[in-house]
Amino acid sequence: MLVPRQKVPDLLLPTLDHGVFNLAEESYERGTVICFYRGLHCPICATYLSEFQNLVSAFAQRGVGTIAISTDDEVRTRDMAKKISAEGLRLGFDLPLSKAREWGLYLSTSRGTTSIGIEEPALFSEPGLFMITPEQTLYYGSVQTMPFVRPHFSELVTALDFAIAKNYPARGEYTGIV
Numbered sequence: 085m086l087v088p089r090q091k092v093p094d095l096l097l098p099t100l101d102h103g104v105f106n107l108a109e110e111s112y113e114r115g116t117v118i119c120f121y122r123g124l125h126c127p128i129c130a131t132y133l134s135e136f137q138n139l140v141s142a143f144a145q146r147g148v149g150t151i152a153i154s155t156d157d158e159v160r161t162r163d164m165a166k167k168i169s170a171e172g173l174r175l176g177f178d179l180p181l182s183k184a185r186e187w188g189l190y191l192s193t194s195r196g197t198t199s200i201g202i203e204e205p206a207l208f209s210e211p212g213l214f215m216i217t218p219e220q221t222l223y224y225g226s227v228q229t230m231p232f233v234r235p236h237f238s239e240l241v242t243a244l245d246f247a248i249a250k251n252y253p254a255r256g257e258y259t260g261i262v
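Under our numbering, think of the first position of the sequence shown as 85, with each following residue one higher.
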């Protein structure tokens with residue numbers, strides 16, 4: 085389990101049109117929002133990533149970088165980029181399933197062809213949304229076991245405004261005896 089205020093696992097993977105993403109080399113003033121999504125086969129992911137895409141500049145204005153990552157290969161990721169008209173949102177691909185597990189993401193097995201006629205991969209990760217500080221520690225995290233009921237990016241922008249104004253610390257950091 086990832087713990088707020090503690091270092092998150094390293095993350096290094098290819099992106100479409102933005103070179104290699106290396107979390108350790110991110111240089112945004114306030115950190116990076118990482119959205120792990122299920123893949124091209126998920127129609128809810130396309131809607132969700134469109135919302136993310138629309139707020140890339142809002143995050144950038146607050147000194148926060150953005151990236152969406154899946155276990156899909158480059159071809160499927162490029163298809164997703166076209167589907168959501170990605171501009172500015174970095175899209176990472178080829179997330180190893182072992183790395184998804186390190187990040188606390190749930191893994192699912194294929195159920196075949198989805199409602200939009202796209203085959204699910206044999207194994208893939210379920211969604212997760214993380215805000216990582218410039219020191220590569222966890223500020224915020226949310227993971228899902230299925231595609232439904234995800235945090236809204238607009239609410240994350242509002243929460244960032246509050247956190248910046250009040251210098252609000254990451255919460256959920258206690259790991260002692262209860």
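Ideal Cβ positions, reconstructed from N, Cα and C, are used throughout, including at glycine.
Per DSSP, Phe208 forms a beta bridge with which residues? DSSP output for Phe208 lists Ser192 as bridge partner(s).
On the three-pair Cβ rule with 8 Å, is the stretch 209-216 touching the stretch 110-126? By the criterion of at least three beta-carbon pairs nearer than 8 Å, the stretch 209-216 is in contact with the stretch 110-126.
What residue range is occupied by the uninterrupted alpha helix (DSSP H) comprising Tyr132? 127-138
I'd like to confirm the pairing. Which residues does DSSP put opposite Leu175 in its beta bridges? Ala152.
Counting only the same chain and skipping the five closest in sequence on each side, list residues whose C-beta sits under 7 Å from that of Asp157. Phe177, Asp178
For Ile248 and His125, believed in contact at Cβ under 8 Å, the rounded distance: Between Ile248 and His125 the Cβ distance is about 36 Å, and since that is not below 8 Å, they are no contact.
Going by the beta-carbon positions, is the gap between Leu175 and Pro88 smaller than 8 Å? no
To the nearest angstrom, how far is it from the Cα of Val159 to the Cα of Val241? For Val159 and Val241, the distance between alpha carbons rounds to 30 Å.
Return the first residue and the last residue of the alpha helix (DSSP H) that Val159 is part of. 158-167
Buried or exposed: where does Thr150 fall if 16 or more other Cβ atoms within 10 Å of its Cβ makes it buried? It counts as buried.
From this set, Ser209, Ser199, Leu173, Cys129, which residue's C-alpha is nearest Arg193's C-alpha? Note on identity: in this sequence residue 193 is Thr, with Arg being the wrong assignment. Comparing Cα positions, the closest option is Ser209.
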